[in-house]
Amino acid sequence: MTDASSGAALGRVSYLGADSTHDPSPHLGFGIDIGGSGVKGAMVDLRTGSFVGDRLRRDTPQPATPDAVARTCREITDHFGWAGPVGITVPGVVRDGVVRSAANIDPSWKGAGIQNLFGRHLGGRNVAGLNDADAAGLAEVRFGGERGLNDGTVILLTFGTGIGSALFHDGVLVPNTEFGHLEVGGRIAEARASAKVRADRGWSYRKWSGKVSRVLAHYEQIFSPSLFVVGGGISRKADVWIPMLTVDTPVIAANLRNTAGIVGAAMAVDEGLRM
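In my numbering, the protein residues as written are 2 to 276.
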C-alpha cells in the first residue's frame, strides 16, 4: 500500500463542491463505518490516523435498508460540511464495488452497488466501499505501531454485533474472509462469541472469554497465525478479558480500538482502493 501522502502516485480523486466548509487538504479524508447498531463518521488526518474533531454516531435505521442507511450517511457528511469523496464500510463481503453478503444487515443489501447507491444520496461524489473488518485491519496495519503486524500471518477480529475478520500475510490483506461465519463446535462462531451475544446473555467477561478462546483455538488449528489482534467496542475492556484467554497464539488489543473502521474507510477512498 503506497503512503497516503503520495497523492499523485495514488491517483487521488478530486474533492467536489466549492462551497465545502473545510479546506480540501490532501491530508484529510472522511470515513463512515456502518454497523449493525450504529453508523459512525469522522474526518481523519491521513498522516496520523487520528480524528479531526469528534466523530458523529447515529443509530442504524430499522429496517437497515440500503437507501435508509445511505440517507443516514448523508446526514453525517452534512453535519461536518464535508463535500469530498467518502469511504464507507459495510458489514458484509464487498467485491468489485458490489455488496455480496448481508448477514448482519438487511437482506436487501445483497447485490447493491456501492457507488450507485451512495453516489445518489451523496450528490454524485466518489465513494469507496469495503468490508468493515478489512477497513479496520488496513488502518491497524498502517497506524498500529511496530507490533509485528507486518510479519507472518496476522488475524484481526472485531467483536460487535457479529465477529468481523481481516487476514494479513506479511502485511498484505486477503479481503472478505468473514471468519465469524465459520462453524465452531457445531455453531457459527459469531453466534457463540460475539459481543452482542455476551450482552444479550448477561455473561461475565470470564465466561465470555472462554467462548472466545474456543473460537480462537479453532482459528489457530486452521490458519496457524503468528498473532491475533482484537478490536471492536469491547476492546475498550481488553485489559480485563485478554488475560483470561487460553490460546497459544499471542493476542493483543487493536491500537486504534473502535476507531479503526472509520480510519480504514478514509484510507480506502484516499488511495482509490476497490475491493
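Using N, Cα and C, we set each Cβ at its ideal position, and we do this for glycine too.
Exposure of N117 is indicated by the presence of fewer than 16 other C-beta atoms within 10 angstroms of its C-beta. A residue is called buried once 16 or more other Cβ atoms fall within 10 Å of its Cβ, and E191 is buried on that count.
By the Cβ test, the region 187 to 206 is not in contact with the region 136 to 143, since fewer than three Cβ pairs between them sit closer than 8 Å. Spatial neighbours of H170 in its own chain (CB-CB distance under 6 Å, excluding positions within 5 residues in sequence) are listed in chain order as T154. Between the C-alpha atoms of G37 and A196 there is a straight-line separation of about 12 Å. Take W83, set aside five residues on each side of it, and the residues of its chain with a beta-carbon closer than 6 Å to its own are F31, in chain order.
Residues P67, V100, A103 of the same chain have their beta carbon placed closer than 6 Å to that of W110, with the five preceding and five following residues left out of the count. Listed in chain order, the alpha helix (DSSP H) runs fully inside the region 188 to 220 are 190 to 194, 196 to 202, counting runs of at least 4 residues. Along the length of the region 216 to 259, whole alpha helix (DSSP H) runs at least 4 residues long occupy 239 to 242, reported in chain order. The continuous stretches of beta strand (DSSP E) do not include T49, and DSSP gives it neither H nor E. If you draw a straight line from the Cα of N127 to the Cα of V270, it is about 8 Å long. Distances from the alpha-carbon of H182 to those of G145, P64, A167, L174 put A167 closest.
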